[in-house]
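Undergrad: Heads up: the sequence shown is residues 2 to 227, going by our numbering.
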Amino acid sequence: MAAIELTGLSTVYPNGVRAVDDLDLSIDDGEFFALLGPSGCGKTTLLRTIAGLERSSSGTISLGGGDVTRTDVGKRGVAMVFQDYALFPHMTVAQNIAYPLRVRRASKQAQQDAASTTSAGLGLAELLERRPAQLSGGQQQRVALARAIAMEAQVLLLDEPLSNLDARLRLEARTFLKRLQRELGLTTVFVTHDQAEALALADRIAVMADGRIRQLGTPKDVFQRP
Ligand code: ADP
Ligand code: ADP
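Spelled out as C-alpha cells, the structure:
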C-alpha cells in the first residue's frame with residue numbers, strides 16, 4: 002500500500018502563486034524519497050501541504066490509505082522537521098525531544114527512553130541538559146530531527162534536515178536515518194539541494210520545477226546522463 006498518495010494536488014497561496022500545481026505522486030510504505038529542484042520550485046510547500054500546515058486548493062492527500070485532505074495537522078500521523086528547527090527555547094534538549102510524548106501523556110520512562118535512544122543515534126547524548134541557545138546550529142538541527150523521530154509517526158517529512166551539519170555528522174545522521182528506515186519501516190520524504198545526499202539516501206528521487214514533478218525515478222535513472 003502507498004504510504005503517501007497525492008492526486009491532482011495544488012496549493013495556491015493567497016497572493017496567487019501556484020506553488021504546487023496539479024501534482025500526482027505515490028510513495029511506497031518504507032520508502033526513502035528525495036525531492037530535488039531549484040529554489041522556489043515548491044518543495045517546501047509540498048511538504049507543508051502533506052503535513053497539513055498549508056491548505057491544499059484542490060486534489061487529495063491519502064496517508065496509509067486514509068484520506069487526510071481535510072484532516073488537521075497533528076492528526077495526520079506525520080512528523081515534519083523544518084529548516085528553522087523551531088525548538089522550544091525554555092526547554093532542555095531532553096525535554097524538547099520528549100515533548101511529543103509528553104503531549105501524548107506517555108510515561109516518564111518512555112519519554113526518557115525516547116530522548117536517550119534518539120540522542121545517542123544523533124550524537125546528542127552529552128547535550129541533553131542544555132537549552133537551545135547553548136547549542137550550535139547543527140546541534141539544534143539534530144535536536145529537531147530527534148524530536149520528530151520521537152513522535153513515532155509513520156511518515157517523516159524533512160526539509161533540508163542535514164544542511165547545517167559538517168561532513169562527519171552528516172554521515173552519522175544519514176546512517177541513523179537509514180537505520181530507522183530499516184528497523185521501523187519509516188517512510189521518509191526529504192528535501193535536499195545536495196545531489197550526493199540524494200544519491201546516498203534515496204530509494205527514489207523526484208525533481209521538481211514550477212510546482213510539478215519533472216523527473217521521477219531511482220537515483221541511477223535520474224542522474225544518468227542521456
Ligand atoms: P522551494 O522549497 O522549492 O524553495 P517553496 O515551496 O518555498 O519552494 O516556494 C514555492 C513558490 O511559492 C515560490 O514561488 C515562493 O515564492 C512561493 N511561496 C512560498 N511561500 C509563500 C507564501 N507564504 N506566500 C506566498 N508565496 C509563497
Ligand atoms: P500548541 O501550539 O498547541 O502549543 P504545538 O505548536 O507545539 O502546539 O503543536 C501543534 C500540533 O502540531 C500538536 O499536535 C503537535 O503534536 C504537532 N506538532 C508539533 N511539532 C510538530 C512537528 N515538527 N511535526 C509535526 N507535528 C508537529
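For each residue, glycine too, the CB sits at the ideal point set by N, CA and C.
Measuring alpha carbon to alpha carbon, tell me which of Gln-110, Val-18, Val-192 and Ala-95 ends up nearest Ser-57.
TA: Locating residue 57 in the sequence shown gives position 56, where the first residue counts as 1. It is Val-18.
Undergrad: Tell me the DSSP secondary structure of Gln-216 in three-state form.
TA: Position 215 of the sequence shown, counted from the first residue, corresponds to residue 216. Of the three classes helix, strand and coil, the one that applies to Gln-216 here is strand, per DSSP.
Undergrad: At the level of alpha carbons, what is the spacing between Asp-222 and Asp-195?
TA: The residue labelled residue 222 in the question sits at position 221 within the sequence shown. The residue labelled residue 195 in the question sits at position 194 within the sequence shown. Each residue's alpha carbon lies about 17 Å from the other.
Undergrad: Excluding the five sequence neighbours on either side, which residues of its own chain have a C-beta within less than 7 Å of the C-beta of Thr-70, listed in chain order?
TA: Walking along the sequence shown from the start, residue 70 turns up at place 69. Closer than 7 Å at the Cβ level, and outside the excluded window around Thr-70, lie Ser-57, Thr-61 and Ile-62.
Undergrad: To the nearest angstrom, how far is it from the Cα of Gln-110 to the Cα of Glu-130?
TA: Working through the sequence shown from its first residue, we reach residue 110 at position 109. Working through the sequence shown from its first residue, we reach residue 130 at position 129. Each residue's Cα considered, the two are about 17 Å apart.
Undergrad: Is the stretch 173-187 close to the stretch 95-110, with three or more CB pairs under 8 Å?
TA: With a cut-off of 8 Å, the stretch 95-110 and the stretch 173-187 do not count as touching, because too few Cβ pairs lie within range.
Undergrad: Hey, out of Arg-205, Leu-187, Pro-133 and Pro-220, whose CA is closest to Met-152's CA?
TA: As a first step, residue 152 must be located in the sequence shown, where it is residue number 151. Comparing Cα-Cα distances from Met-152 to each of Arg-205, Leu-187, Pro-133 and Pro-220, the minimum goes to Leu-187.
Undergrad: Taking C-beta to C-beta, are Asp-23 and Leu-7 nearer than 8 Å?
TA: The sequence position of residue 23 within the sequence shown is 22, counting from 1. The sequence position of residue 7 within the sequence shown is 6, counting from 1. For Asp-23 and Leu-7, no; Cβs fall outside 8 Å.
Undergrad: Just checking Tyr-100 against ligand 1 - is the residue's beta carbon closer than 7 Å to any of the ligand's heavy atoms?
TA: The residue labelled residue 100 in the question sits at position 99 within the sequence shown. Checking every heavy atom of ligand 1 against the Cβ of Tyr-100, none is found closer than 7 Å.
Undergrad: Spatial neighbours of Met-81 within its chain, please: CB distance less than 6 Å, with the 5 preceding and 5 following residues excluded, ordered by chain position.
TA: Your numbering for residue 81 matches position 80 in the sequence shown. Closer than 6 Å at Cβ, skipping near neighbours: Ala-52 and Leu-158.
Undergrad: What do you get for Val-104, buried or exposed, if any count of 16 or more other CB atoms within 10 angstroms of its CB means buried?
TA: Within the sequence shown, residue 104 is the residue found at index 103, counting from 1. Looking at its Cβ environment, which holds fewer than 16 other Cβ atoms inside 10 Å, Val-104 is exposed.
Undergrad: Evaluate Glu-184 with the Cβ neighbour count: other Cβ atoms within 10 Å of its Cβ, from every protein chain shown; 16 or more gives buried, anything less gives exposed.
TA: Residue mapping note: residue 184 aligns to position 183 of the sequence shown, counting from 1. Answer is exposed; the Cβ neighbour count stays below 16.
Undergrad: Let me check one thing: in DSSP terms, what residues is Arg-205 bridge-paired to?
TA: Against the sequence shown, residue 205 aligns to sequence position 204. DSSP, once it has assigned bridges, lists Phe-34 as partnering Arg-205.
Undergrad: Please report the straight-line C-alpha distance between Gly-65 and Thr-189, rounded to a whole angstrom.
TA: Locating residue 65 in the sequence shown gives position 64, where the first residue counts as 1. Locating residue 189 in the sequence shown gives position 188, where the first residue counts as 1. Gly-65 and Thr-189: Cα-Cα distance of roughly 13 Å.
Undergrad: Which residue spans inside the stretch 26-91 form an unbroken alpha helix (DSSP H) run of at least 4?
TA: Runs of the alpha helix (DSSP H) inside the stretch 26-91: 44-52.
Undergrad: Taking Asp-211 as part of the beta strand (DSSP E), name the residues at either end of that continuous run.
TA: Counting from 1 along the sequence shown, the entry for residue 211 is found at position 210. Segment: none, Asp-211 is in no beta strand (DSSP E) and carries neither H nor E.
Undergrad: Any heavy atom of ligand 1 within a distance shorter than 7 Å of the CB on Ala-35?
TA: Residue 35 sits at position 34 when you count from the first residue of the sequence shown. Ala-35: no, Cβ never under 7 Å from ligand 1.
Undergrad: Answer with buried or exposed for Thr-209, where buried requires no fewer than 16 other C-beta atoms within 10 angstroms of its C-beta.
TA: Taking the sequence shown and counting its residues from 1, one reaches residue 209 at position 208. Note on residue identity: the sequence assigns Met, not Thr, to residue 209. Met-209 comes out buried.
Undergrad: Mark Gly-38 as exposed unless 16 or more other C-beta atoms lie within 10 angstroms of its C-beta, in which case mark it buried.
TA: If you number the sequence shown from 1, residue 38 lands on position 37. Under this definition Gly-38 is a buried residue.
Undergrad: Determine the closest residue to Pro-101 out of Gly-41, Gly-78, Leu-48 and Ser-27, with distance taken between C-alpha atoms.
TA: For the purposes of this step, residue 101 is identified with residue 100 of the sequence shown, where counting begins at 1. When each option's Cα is compared against that of Pro-101, the closest is Gly-78.
Undergrad: If you follow the beta strand (DSSP E) that Glu-161 is in, where does it begin and where does it stop?
TA: One-based indexing of the sequence shown puts residue 161 at position 160. Neither: Glu-161 is in no beta strand (DSSP E) and is coded neither H nor E.
Undergrad: Which two residues bound the contiguous beta strand (DSSP E) that contains Ser-269?
TA: Shown here, the chain extends from 2 to 227; a query on residue 269 therefore has no answer.
Undergrad: Can you check which of these residues, Pro-90, Ile-150, Thr-72 and Gly-138, is closest to Arg-114 by C-alpha distance?
TA: Residue 114 sits at position 113 when you count from the first residue of the sequence shown. The residue you asked about is not Arg; residue 114 is Asp in the sequence shown. Of the listed residues, the one whose Cα sits closest to Asp-114 is Ile-150.
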